[in-house]
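Input: a single structure, listed below in structure tokens.
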Amino acid sequence: AFGHGAHACAGMNVARLEARIAIGALVQRYPRIELAGAAVRDRRVRFRGLKHLPVRV
């Protein structure tokens, strides 16, 4: 999703760090968080993330 080489996103490392911090805070706040179904990937080439990630807190 961030590209690569000369066309890599300038903010990709900040976005990855923000994601780590956010997920860490979520797990710390809700230590019993668990998956509540299958993850659904976004099939678009430009966006390699998840479309849905159901969880139970």
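Position 46, counted from 1, in the sequence shown is what our numbering calls 46; the numbers after and before it change by one each time, with no gaps. All C-beta atoms, glycine included, are put in the ideal place defined by N, C-alpha and C.
query, result
"Mind checking which residues open and close the beta strand (DSSP E) that includes Leu50?", "50-52"
"In this structure, does DSSP put Arg43 in helix, strand or coil?", "coil"
"Is there contact here, the segment 48-57 with the segment 21-39, by at least three beta-carbon pairs under 8 Å?", "yes"
"Determine the extent of the alpha helix (DSSP H) in which Ile69 is found, giving its start and end residues.", "This structure cannot settle anything about residue 69, because the visible part of the chain is limited to 1 through 57."
"Give me the Cα-Cα distance between Ala25 and Met12, rounded to the nearest whole angstrom.", "20 Å"
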